[in-house]
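Just so you know, the numbering used here puts the end of the sequence shown at 543, numbered straight through with nothing missing. All residues carry an ideal CB built from backbone N, CA and C; glycine is no exception.
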Amino acid sequence: MKKYLLFTVFVSGMTTLASELAAGRLIGNVFGTSNLVWASIIGLILIYLTLGYFLGGKWADANPTAGAMYRILAWGAFTIGLVPYIAGPVLRSAATAFEALSVGIMAGSFIAVLILFSVPITLLGAISPFAIRLSVDDTSKAGQISGQIYAISTLGSFIGTFLPTLVTIPTIGTKLTFFAFGFFLLIVALIGLARFASQREMIQLIWMPIVLVIVAVLSAGQSLKNSAGQVYETESAYNYIQVQEQSGFTLLKLNDGQGIHSIYHPDTLNYGGPWEQFLVGPYFYANRKTADVKRMAIVGLAAGTAARQATAVYGDIPIDGFELDEKIVEVGKKYFGLNLPNLTVHIGDGRLNLDRSEYKYDIIAVDAYRPPYIPPHMTTQEFFEVIASHLTDDGVLTINVGSVPGDRRLIDGLATTMGTIFPSIHIMDIPGTLNTMIFATKQPTVRENFSANLIALNADPKTNPLLIAAMSSTYVNLKDGYTTTTVFTDDLAPIEWIVNDMVVSFVLQGGLEFYSNHYLHPERSHIRRNRTLRSRMHPERSRAHLRQSRMHPERSRMNFAA
């Protein structure tokens, strides 16, 4: 029995950690994977385990039999297998609420799903103290036995940390990950009952695996989200990936679905978003022509919107695209026309792979920031030094960074940090959005160069209209500098602190309602500019003055000649 107890503890520890990681994905698919979400999950899991350790010790003293322990284990395994199927309707309701930004339903759903884990995790937490009680028959070896059991349990937890992340979630999905671990642990519990209690007790619980299988079969094929226009969903090692069709446009959304990471339409390339703004950075230098741009790098390639636009404007220049998630690239090839012969895709961390690149680039675009998902190691002075070393002498770095109304701490911090490496920083806010573009040039530049280049390029009939539209939008929306603040370094980059405070303050101050009214429903707002949902989905309906300033800058309200 002692050997089987050790095996039981190993599988129980493995299942506990696998459930915690799968819980992060299950909840993150709807609520996102920010460190606020993870802190909530980890914190409550630890509370449930604490309660389990306490109750397990009491139960073990009250009824120190193998039958009692394996009955507890069976119920823990059974309920952990059921969690994703019970949580499904709640999560679908939360996903709908997230699209409408209904704070009350979102908060209630989040709490409800977390509570679902209270029973299984508490029961699994009871197993280790129970196993210690059953194993100790010589008090002089109590320390050795308890250490052995906790070591075996921790080793199982180690396996449970990597197995779902690297194997089961990317291959069979989150729900089946819960099912697989729960079902396996349930079989271990039933065998333990049959061997060390009685076969009669095991037969009394034989309905549990049958019910799990039936529930899994009946729930097969159900989408996590019932979003309008959804054509595809999948899970990777890093993200829940969703593809939607809206008014002929194909959209790539990740995790909570609040950001559009890539967009595609077979008949247009101007989406009124941040992607085309990556094209305009070189024109802060004087007397620049499109032929001067010979190579480009994109950190945060996603499904390749910026790469397709760059190819349309600059021709078949070599483009290196750095993307962490291989599954997103596969989705891009299938749904977003990501089949460019001039594009070389590098899978892996953007900073590491860019540092390894043998090339220098005229444009480096960083599209890896979106609160609250900002990788701190891509915001630091050392990161921007890597970028500077891979820019040509007159190259330009452009980053797309999100913000919230009235709070520019993140923008100012990034601009301040970039300003320690680059002599000139230019900033523009994309109207009707929460996106800001920061341009950093390797040589000193001024905005007058930009306006002169815009006039010259607009007079050249060979210039792609997409470039003129993007440059017009950039020039009209340039900001006057930034506030000097903290320099982010590899040693100290308080990105999470800044972003968490921004997001929480935004929500508490009614920001979600503001966001819904102004950005998700532009028809309710006085802000109807080039990246509202209407102009994004229906560019032909956008405001006339924007259309004119994009296609005919000389008619816009900004007199560029003057």
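Nearest to residue i (by Cα), restricted to the options the options
i	options	result
residue 429	417, 444 and 455	455
residue 115	103, 66 and 44	44
residue 552	145, 173, 144 and 406	Look at the range of the chain in this structure, -18 to 543, and you will see that residue 552 is not part of it.
residue 40	92, 113 and 2	113
residue 51	38, 60, 177 and 135	177
residue 403	421, 147, 413 and 388	421
residue 472	357, 459, 315 and 423	357
residue 311	12, 419, 462 and 217	217
residue 482	388, 399, -1 and 127	388
residue 17	406, 427, 377 and 355	355
residue 478	390, 437 and 413	390
residue 398	426, 419 and 108	419
residue 231	452, 46, 316 and 38	316
residue 36	237, 111, 459 and 184	111
residue 0	436, 12, 161 and 72	161
residue 321	297, 308 and 330	297
residue 272	-16, 323, 71 and 444	444
residue 293	324, 306, 304 and 308	324
residue 437	117, 331, 426 and 453	453
residue 330	153, 283, 370 and -10	283
residue 180	119, 200 and 47	47
residue 347	255, 229, 249 and 459	255
residue 426	377, 212 and 20	377
residue -4	-18, 104, 69 and 10	104
residue 381	227, 212, -10 and 240	240
Cross-strand partners of residue i (DSSP beta bridge)
i	result
residue 168	Answer is none; residue 168 lacks a bridge partner.
residue 410	417
residue -16	Paired residue(s): none; residue -16 is not in a bridge.
residue 429	DSSP output for residue 429 lists no bridge partner at all.
residue 253	In the DSSP output, where bridge partners are listed per residue, residue 253 has none listed.
residue 230	227
residue 345	278 and 378
residue 264	Residue 264 pairs with nothing; no bridge assigned.
residue 222	215 and 235
residue 561	The displayed coordinates of the chain run from -18 to 543. Any statement about residue 561 would go beyond what the structure contains.
residue 194	Partner(s): none; residue 194 has no beta bridge.
residue 383	416
residue 405	422
residue 372	342
Check whether residue i and residue j have beta carbons under 7 Å apart
i	j	result
residue 383	residue 333	no
residue 210	residue 225	yes
residue 166	residue -8	yes
residue 349	residue 280	yes
residue 373	residue 343	yes
residue 375	residue 266	yes
residue 33	residue 137	no
residue 326	residue 302	yes
residue 450	residue 251	yes
residue 269	residue 155	no
residue 328	residue 345	no
residue 319	residue 142	no
residue 198	residue 66	no
residue -12	residue 237	no
residue 257	residue 447	yes
residue 183	residue 59	no
residue 117	residue 126	yes
residue 64	residue 159	yes
Neighbour flag for residue i against chain C, beta carbons, 7 Å
i	result
residue 65	The structure shown has no chain C; it contains just one protein chain.
Whole-angstrom C-beta distance between residue j and residue i, which should lie under 8 Å
i	j	result
residue 193	residue 62	5 Å
residue 3	residue 150	7 Å
residue 474	residue 360	6 Å
residue 411	residue 463	Residue 411 to residue 463, Cβ: 16 Å. No contact.
residue 285	residue 253	Incorrect: roughly 18 Å between the Cβ atoms, too far for contact.
residue 71	residue 93	5 Å
residue 277	residue 309	Incorrect: roughly 19 Å between the Cβ atoms, too far for contact.
residue 95	residue 144	With 8 Å as the limit, residue 95 and residue 144 do not qualify as a contact, their Cβ atoms being about 23 Å apart.
residue 135	residue -6	6 Å
residue 200	residue 9	With a Cβ gap of about 20 Å, residue 200 and residue 9 do not count as contacting.
Heavy atom of the ligand FAD within 6 Å of residue i beta-carbon
i	result
residue 251	The model depicted lacks the ligand FAD and carries no ligand whatsoever.
Report yes or no: do the stretch 284 to 293 and the stretch 239 to 252 share at least 3 C-beta pairs separated by less than 8 Å? yes
At least three beta-carbon pairs within less than 8 Å, the stretch 119 to 134 to the stretch 48 to 59: no
Could you say if the stretch 23 to 30 and the stretch 89 to 103 meet the contact criterion of at least three C-beta pairs nearer than 8 Å? yes
Touch test, the stretch 336 to 346 against the stretch 214 to 221, Cβ-Cβ under 8 Å, three pairs minimum: no
Counting pairs of Cβ atoms below 8 Å between the stretch 428 to 445 and the stretch 260 to 274, do you hit three or more? Yes, the stretch 428 to 445 is in contact with the stretch 260 to 274.
Does the stretch 387 to 395 touch the stretch 464 to 484, meaning 3 or more C-beta pairs lie closer than 8 Å? yes
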